[in-house]
Amino acid sequence: MARGRHDDSRSTPGTGPDDVRDLQRLIVRGVTWKGLSQLAIQLTRMAVAVAVARILAPEEYGVAGMALVFSGFVLIFADLALGQALVQRRTLTHEDKATAFWTSVAAGVVFTAAGIAAAGPIAGFFGEPRLEAMIAALSLTFLVAAVGTTQSALLVREMEFKTLELRELIATGVSAAVAVSGALAGLGAWAIVAAQLAATATTTTLVWISSPWRPSRAFSTATLRRFVPFTANVLGTQLLVQLRTATPNVVIGRALGASALGTYVLAYNVVLVPFNRIAVPVAQVLFPAMSRVQEDRVRLAAYWRRSVRMLAAVVMPALVGLIVVAPEFVAATLGPDWSGATQVIRLLALVGLLQTMQVLNPMVLQALDRTGLLLRWSLLSFAAAIIGLGVGLEWGIVGVAAGFAIAAALTEPAFAWATARLLQVRAVNLLGDLAGVAQATAAMTAAVVLCRVALDDVGLPPVARLLMLVAVGAAVYLPCLTWRAPEVLRDVRSARRRPDAGQPATTERVAPSA
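Using my numbering, you'd call the opening residue of the sequence shown number 23 and step up by one each time.
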């Protein structure tokens, strides 16, 4: 990372023995920091979501959900995917960085102005006058976020995840304090909006404090043109992903009203957001690592396979378990006002299981500069989701969630197959990697279902019933995982071992696809 204003054309490290050991060390350190911080962050966010839901009415939660549809586009347009380009490039100059910075700032100004101008029409579309001021306020986050995106990308490129995660932890704490205090103070939906504003401002402030790089006045149109093919495809992909996420909120808010939207948004925040926040950080760590070894297809495939297996070991039992215990979860944590969220939570848990398992695939395609293929798959996934939304809307929010689940079941496995083929990994090998985790999850599910049946005649309060089911599931899953998927524990021990102590871990050899 450049320090000061002089030119720097450093390239990413090579793949010699010393570089491989150093890269393994950076990956382990990054995943460790990401894992610990995201655990704390997601527990905090879930607690805040539940606390605010108990204070606010579903309608107020729904109004905030309408406003936050808009804010979801902030990080996409704040840097126009230039951050990913800075991470992916083999060599980087100070002019490259400065060009990305000033382009991002210009984009932030434009989109802030556009958001303020669009606030009135958007509020009119939803028939909710309160939205105009909220959207105008959230528009400021375009510019505030844009000012820090280049420094964040440079920290990611250097795999300085300790710095990034400490920043995220502090921003989450500030946001949580604002949300809860605002809700208690009677701010209603503004409590959630204010929390979003506080999180963005804190994040940008801290990244400027922690990053040594400062922009010069350098700007190169030639550099910007070189970025365009990569960034255009990535930006299109990110836009489609965000539209796939935001469209249900728009449609539900317009067709079914704020109360229905509040239920859907809460279910989404409880299920998909936390588990995506587990998987996405792993992808963020692996993206710079994959970019460094983009010419070594075998090593890249090994990173991908092991990471997918590790994600499955965490995500699969958690989300399948949530599908089983959804009634107890809603009764114990959200209360009777949110009973309508039970089936939505179950269906979104299925969506989360399918999507979370694919979260590394875009990173692989970006590292290999196959962003055109990534964009085509994103178009297919978006089209399937919109069709599912249109068909399911007739049955309310449960129908919408079911439509998304069916769309994900049709498209996500195909995306995994395409990524495996690109890495010359046989589909049967990938299924074999996940077989042990799936068997342990199946045993856990059977045990929890039997326990639920046994508890039907026992008058336990919802919290005690939920805790007992979770305890039974964990008690069965962990030993079954050790028995049926010992390679997961080997990977954990390998990750905890110092990479420079003895020989580096061997790279898995993968069979070429037919």
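All C-beta atoms in this analysis are idealised placements derived from N, C-alpha and C, irrespective of residue type, glycine included.
By alpha-carbon distance to S242, the top candidate from L45, F351, E82, H116 is H116.
Here the C-alpha atom of A406 lies approximately 12 Å from the C-alpha atom of V422. Across the set A62, A193, F252, the C-alpha of F252 shows the shortest separation from the C-alpha of V109.
Assignment of T113 by DSSP, reduced to helix, strand and coil, places it in the strand class.
Cβ atoms of R331 and V510 come within 8 Å of each other, at about 6 Å.
At the C-beta level, A217 and E81 stay beyond 7 Å of one another. Separation of V420 and P237 (C-alpha to C-alpha, rounded to the nearest whole angstrom) is 49 Å. Burial is judged here by how many other beta carbons sit within 10 angstroms of a residue's own beta carbon; G208 has fewer than 16 and is exposed.
As for any alpha helix (DSSP H) of minimum length 4 sitting wholly inside the segment 242-321, the runs are 243-277, 280-314, ordered along the chain.
For F164, the closest alpha carbon among the candidates W124, L206, T222 is that of T222.
Following the DSSP letters along the chain, one finds D455 inside the alpha helix (DSSP H) bounded by residues 449-477. In the DSSP annotation of this structure, Q446 is not part of any alpha helix (DSSP H), being labelled neither H nor E. A86 counts as buried, since no fewer than 16 other beta carbons sit within 10 angstroms of its beta carbon.
Short of 7 Å from the beta carbon of W55, and not among the five residues preceding or following it, lie these beta carbons of its own chain, in chain order: F183, K184, E187. Judged by DSSP secondary structure, Q377 falls within the alpha helix (DSSP H) whose first and last residues are 364-378.
CA-to-CA, the gap between L278 and G418 works out to about 7 Å.
Of all alpha-carbon atoms in Y83, L61, S233, the one lying nearest the alpha-carbon of T285 is that of Y83. Taking C-beta atoms under 8 Å as the contact rule, V470 and V347 qualify, at a distance of about 7 Å. With a cut-off of 8 Å on Cβ pairs, the segment 219-235 is in contact with the segment 152-163, counting three or more such pairs.
Here T433 is actually not in contact with L453; their C-beta atoms are around 18 Å apart, not less than 8 Å.
Between A244 and A120, the gap from beta carbon to beta carbon reaches 7 Å or more. Restricting attention to M88, A440, L356, D359, the CA atom closest to the CA of L382 is found in A440. Setting aside the 5 residues that flank it on each side, T194 is surrounded in the same chain by I63, T66, each with a C-beta closer than 6 Å to its C-beta; the list follows chain order.
Going by beta carbons, V166 and T226 fall inside the 7 Å limit. DSSP places R236 outside any alpha helix (DSSP H), giving it a letter other than H or E. Within a 10 Å sphere around the beta-carbon of I231 sit fewer than 16 other beta-carbons, which makes this residue exposed. Distance check between M385 and each of F95, A75, M312 places M312 closest, using alpha-carbon atoms only.
A straight-line Cα-Cα distance of about 20 Å links I144 and I408.
Here DSSP, grouped into helix, strand and coil, assigns V381 to coil. With respect to the 7 Å criterion, T267 and L396 are not classified as neighbours on the basis of their beta carbons.
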